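Undergrad: Would you mind keeping the following structure in view while I ask a few things?
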Amino acid sequence: MTPPMYQRVSELLEQAGLFAGFTIQRRFWDDTGTGSDRFIVIRSNGGSAVDRDMASDHYVMLDVISAVSGDFAKAEAATQAIVDWVQQNPLNPCIGQITNMGGIPSPVLTTEGRMVWRLQFSCLYGG
Numbered sequence: 000m001t002p003p004m005y006q007r008v009s010e011l012l013e014q015a016g017l018f019a020g021f022t023i024q025r026r027f028w029d030d031t032g033t034g035s036d037r038f039i040v041i042r043s044n045g046g047s048a049v050d051r052d053m054a055s056d057h058y059v060m061l062d063v064i065s066a067v068s069g070d071f072a073k074a075e076a077a078t079q080a081i082v083d084w085v086q087q088n089p090l091n092p093c094i095g096q097i098t099n100m101g102g103i104p105s106p107v108l109t110t111e112g113r114m115v116w117r118l119q120f121s122c123l124y125g126g
């Protein structure tokens, strides 16, 4: 069985060294309660119809979550590094073609004081 696309993207970006210093979580964010922890949360976010013998888009959402107050620059730099890496490495046999959708949107602040950057990617795979 082929792993879901979000798992393949997670493994690819982790192998590229882009998740260093972050706790990686899949599907849901579970705050550890430790203010110094930073998180990457990656999950599926829908896509186009998946038909036999045709390529389809698989959407992957990736949240970069800073440590509590004052660590925003490190998380923002990691966000930019992920987008830059994807732009420079769009093709991979495991995920097909990956494209950032929408650039880097404005971050949001959680009630705990963490900054969250939400990225979305489209992986064109199959066919």
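Numbering (numbering that gives the first Met the number 0), first residue to last: 0 to 126.
For every residue, glycine included, the Cβ atom is placed at its ideal position computed from N, Cα and C.
Here the structure is a predicted model, which is why all the values come from computation and not from measurement.
1. Going by the CB atoms, is the gap between I94 and Y124 shorter than 8 Å?
2. Can you name, in chain order, every residue of its own chain whose Cβ lies under 8 Å from the Cβ of F27, other than the five neighbours on each side?
3. Is it the case that the segment 11-20 contacts the segment 45-60, given that we only count it when at least three CB pairs across the two stretches are under 8 Å?
4. Of all the CB atoms in chain C, is at least one closer than 8 Å to the CB of Q86?
5. If I81 sits next to C122, beta carbons under 8 Å apart, how far is it from one beta carbon to the other, in whole angstroms?
TA: Reading from the atomic positions:
1. yes
2. V40, R42
3. no
4. Among the chains of the structure shown, chain C does not appear; only one protein chain is present.
5. Contact doesn't hold; Cβ gap of about 14 Å is too wide.
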